[in-house]
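> Take the sequence shown: its position 167, counted from the start at 1, is 166 in numbering that gives the first Met the number 0, and no numbers get skipped. Note that the Cβ used here is the ideal one computed from N, Cα and C, for glycine as well. Below is one structure. I have some questions about it.
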Amino acid sequence: MRVFITGGTGLIGSAVVAELLGNGHTVLALARSDASALAAEKAGAETIRGGIADLDVLRAGAARADGVIHLAFSNDFSSAEAVTNAVAEEGAALATLGEALVGSDRPLVTASGTPYAPGRASTEADPTPTDGLVGGRGRSVTAILGLADRGVRSTAVRLPRTVHNEGNGGFAGLLTNIARGSGVSGYPGDGTQRWPAVHALDAAVLFRLALEQAPAGTAWHAVADEGDQVRDIAAVIGRRLGVPVRAVPAETFGPLGQIFATDQPSSSTHTRQALGWEPKHPSLLDDLENIQP
Ligand SMILES: NC(=O)c1ccc[n+]([C@@H]2O[C@H](COP(=O)([O-])OP(=O)(O)OC[C@H]3O[C@@H](n4cnc5c(N)ncnc54)[C@H](OP(=O)(O)O)[C@@H]3O)[C@@H](O)[C@H]2O)c1
């Protein structure tokens, strides 16, 4: 397939591009800067210039492709306002991509997040969350999955809190950045809350499988580690950086404080059984050993 991808230069997207090219597909990557275009072309993709707010560019990219994978997101969590703007920008982009594919039966795979189910690991059958700070992302994904009735083979790959590679990425990566800045590897609450995780190279395989074979309107879990206790994650970060590890107020994490404090394990049993996905790369706690002081 010729695949149009947004976010193809990111931590996850660059792994998805390599996975697609390594499995007989070609890639048209959205690139918003010279540096991004250069990176995508070096990886073996063709590029189309623009950002996700350039809706005509998104329509043009989708028109030139047999399938679309959407991963671009500003990932600016510095304030609630920044997150709200990013969610709105992504919502308009996803709706545009979806409309461009209506009636074509072509696949549209979008990144989403694993849900939170109180007291147990969430499953693929749980609804996508539509409340809270990033609830708008869930509403956009739900609308896209609804296009299954209008001739779009739309699917969602729900990502866990940390998608990592070489010790970087996701919530654990944010903890690392904060620890570097503050000199303390901190966690909110008592640290027993669990976050799920996956290596980016494993997540990339699931994006390809969803593109190639997942039925319209379905959601899948890219979860390798069902849930690591946050104090265990902070302990590795602290040891690697040579800084103390301790509980800190939730406000330390800005608008993400509440989400960071939540126990949110997740399972991928159905995804493994139905799509034959099997993660092979290092777990989060092993990968964090790559952090350099
Ligand atoms: N990493 C995780 O742990 C994790 C966990 C759950 C969900 N996710 C979701 O997975 C997706 C990808 O995450 P990631 O970790 O790979 O993010 P990342 O490394 O920050 O990469 C973001 C990608 O989006 C592109 N992008 C950002 N804003 C854009 C814009 N306005 N127009 C065009 N492109 C834009 C970036 O392009 P440039 O190269 O030009 O900057 C880059 O390719 C996001 O939706 C993220 O929320 C990630």
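1. For a test of your reading of the model: does the CB of N74 fall under 7 angstroms from any non-hydrogen atom of ligand 1? Yes or no.
2. From V242 to A234, what does the alpha carbon distance come to, in whole angstroms?
3. Look up G185 in the DSSP assignment and give the residues it is bridged to.
4. Report yes if the C-beta of S78 is less than 7 angstroms from at least one heavy atom of ligand 1; otherwise report no.
5. Cβ of L10 versus every heavy atom of ligand 1: is any distance shorter than 7 angstroms?
6. Where does H24 sit, in a helix, a strand or coil, going by DSSP?
7. Return yes when the C-beta of T175 is under 7 angstroms from any heavy atom of ligand 1, and no when it is not.
8. Is it the case that the Cβ atoms of R207 and I290 are separated by a distance below 8 angstroms?
9. For N346, which of G188, A87, T46 has the nearest alpha-carbon?
10. Which residue from V151, A110, A120 puts its Cα closest to that of R136?
11. What's the C-alpha gap between T161 and A124?
12. Can you round the beta-carbon distance between S77 and G253 to whole angstroms, since I take them to be within the 8 angstroms contact cut?
Reading it off the structure:
1. Yes - ligand 1 has a heavy atom lying nearer than 7 angstroms to the Cβ of N74.
2. Straight-line Cα distance between these residues: approximately 9 angstroms.
3. R245, per the DSSP bridge assignment.
4. No; taking the cut-off as 7 angstroms, the Cβ of S78 has no heavy atom of ligand 1 nearer than that.
5. Because some heavy atom of ligand 1 lies under 7 angstroms away, the Cβ of L10 counts as near it: yes.
6. Of the three classes helix, strand and coil, the one that applies to H24 here is coil, per DSSP.
7. No heavy atom of ligand 1 is found nearer than 7 angstroms to the CB of T175.
8. No, they are not a contact pair.
9. Outside the shown range of the chain, which is 0 to 292, sits residue 346, and nothing can be said about it.
10. Of the listed residues, the one whose Cα sits closest to R136 is A110.
11. So the alpha carbons of these two residues sit roughly 21 angstroms apart.
12. Contact flag correct, Cβ pair sits at about 7 angstroms.
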